[in-house]
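Here the sequence shown is numbered in the numbering used here, starting from 1422 and rising by one per residue.
Note that the Cβ used here is the ideal one computed from N, Cα and C, for glycine as well.
Report on one structure; see the data block that follows.
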Amino acid sequence: MSSTTYRIAALAGDGIGPEVMREAIKVLQAVGTRHHLTFQITEAPVGWAGIDAAGQALPDATLDLCRRSDAILFGSVGLPDRDPTIPKEQRPERAALLRIRKEFGLFANLRPVHLPKALSHACPLKPDRQGDGIDILVVRELTGGLYFGQPKKTELITAPDPVDGNLHATHRAIDTMVYTTPEIERIAHVAFRAAQLRRRKVTSIDKANVLENGVLWREVVTRIALGYPDVALEHMFVDNGAMQLVLRPTQFDVLLCENLFGDILSDEAAALAGSLGMLPSASLGATKDQTTFGLYEPAGGTAPDIAGKNLANPIAQILSVSLMLRYSFGLQEAAGTIDRAVAAVIDQGLRTGDIFNPADPAARRVGTREMGDAIAAAI
Ligand code: IPM
Ligand code: MG
């Protein structure tokens, strides 16, 4: 029996966020009972829910709660069709999610992509391309690159028109890709350490044939690799990487990417694993006093088209809980309990719509709630 109380800020957000969060909390409570752990879960609004409740995508009280917590369990934010007139800096994606990532220095985003054999049908690739199963860890740098580089603005300028050559008043949008050596070093260390616990291979993604950032990225990663002689390093241009992922995904173990490349390739990789609804993620900061503050969220979005209909797959949110137990709380056993419960329920044939195969006689289509109940019961 442990006397530690783990304080968790639960920010469900928008769209399917609240309904998948409900199932994740259910599972967290079940695992607490099973392993005699005390979780103090405090819910707070974020995203459009924050704007509705307190006029801000990240209300001050929510940010304070995060500061007082040991980890953040995050749902998803952003509803593209809501209020297009709100200034872009105040929209939830930037004002809440990117702000929290930056505020807490969550530079390391881990996205484990795993296609269980039982879901082979949900993978868009032919079975012969799936090998013995797809198992990739995307390590994405999360607080640098094009997302945060300055200048970042849209300005009104006078410039020659590309068609008629005449001077015109025109808008110009500027995003800037910036990485420093230490920023690349620290994410490279995360990738190599993760590879040591897996199949000992890192594929580093860049665009070194065109971008200055790519050249520096490749140099720094090559140097950091010298400290990990047990891990094989390979470099790949991002366009080739995107192609290799669909041609032969089984060649990859750890994929190390800068921010935007990682955003794109992790969605592509997630599709290989059957559904974005299966992909959890951990966003970690620097380790202090043996503990790592982190934010844990599904890699998918708010899915407004299915929100509130009991259709969403809660597994990405539930596996995010497992990552939280593992990385922020060091509770390997409890995390394993969740992972096994998810695997067991998949083996029993329970399927939300995104992973349902009508041709499979053993498959039983269930809703968000039934999936959460079954996983909690398996715990
Ligand atoms: C992700 C999402 C976010 C990102 C959006 C919602 C800002 O796509 O976590 O991958 O681009 O990082
Ligand atoms: Mg994304």
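In the structure shown, cysteine 1487 falls within a helical segment according to DSSP collapsed to helix, strand and coil. Every residue with a CB closer than 5 Å to a heavy atom of the ligand IPM is listed here in chain order: Glu1514, Asp1684.
Our two residues, lysine 1447 and alanine 1724, have alpha carbons roughly 21 Å apart in a direct line. The beta carbon of threonine 1459 sits closer than 6 Å to those of Thr1426, all from its chain and outside the five residues before and after it, given in chain order. In this structure, the ligand MG has a non-hydrogen atom nearer than 7 Å to the beta-carbon of aspartate 1688. Secondary structure remark: continuous alpha helix (DSSP H) runs of at least 4 residues inside the stretch 1542 to 1581, in chain order: 1548 to 1551. Ranking Asp1627, Leu1744, Gly1554 by CA distance to the CA of leucine 1700 puts Leu1744 first. Taking C-beta separations shorter than 7 Å and ignoring five residues to either side along the sequence, the partners of alanine 1465 in its chain run Ala1430, Leu1432, Ala1482, Thr1483, Leu1486, following chain order. Look at the beta carbons and you see the stretch 1693 to 1709 touching the stretch 1533 to 1548: at least three pairs across the two are nearer than 8 Å. The continuous alpha helix (DSSP H) containing methionine 1442 extends over residues 1438 to 1456.
If you draw a 10 Å sphere on the C-beta of arginine 1512, you find 16 or more other C-beta atoms in it, and that means buried. Following the DSSP letters along the chain, one finds arginine 1515 in no alpha helix (DSSP H), marked with neither H nor E. Per DSSP, leucine 1744 is not a residue of any beta strand (DSSP E); the alpha helix (DSSP H) it occupies stretches across 1736 to 1748. By the C-beta density criterion, leucine 1668 is exposed, having fewer than 16 other C-beta atoms within 10 angstroms. Take glycine 1554, set aside five residues on each side of it, and the residues of its chain with a beta-carbon closer than 7 Å to its own are Leu1536, Lys1538, in chain order. The C-alpha of isoleucine 1578 lies about 34 Å from the C-alpha of cysteine 1678. The residue among Val1611, Thr1597, Ser1704 with its C-alpha nearest the C-alpha of arginine 1522 is Ser1704. By alpha-carbon distance to leucine 1681, the top candidate from Arg1561, Leu1449, Leu1518 is Arg1561. The straight-line gap separating the alpha-carbon atoms of leucine 1740 and leucine 1588 is approximately 55 Å. The beta carbon of valine 1452 is closer than 8 Å to those of Leu1458, Val1742, Leu1746, Ala1755, Thr1758, Ile1759, Ile1800 in its chain, skipping five residues each way along the sequence. At a Cβ-Cβ threshold of 8 Å, leucine 1527 and glycine 1715 count as neighbours.
Annotation: the continuous beta strand (DSSP E) that includes proline 1701 extends over 1701 to 1709. CA-to-CA, the gap between glutamine 1461 and histidine 1542 works out to about 39 Å. Per DSSP, the continuous alpha helix (DSSP H) segment holding glycine 1662 begins and ends at 1659 to 1668. Between threonine 1591 and proline 1505, the alpha-carbon positions lie close to 22 Å from each other. Taking C-beta atoms as the reference points, arginine 1428 and aspartate 1491 count as a pair closer than 8 Å.
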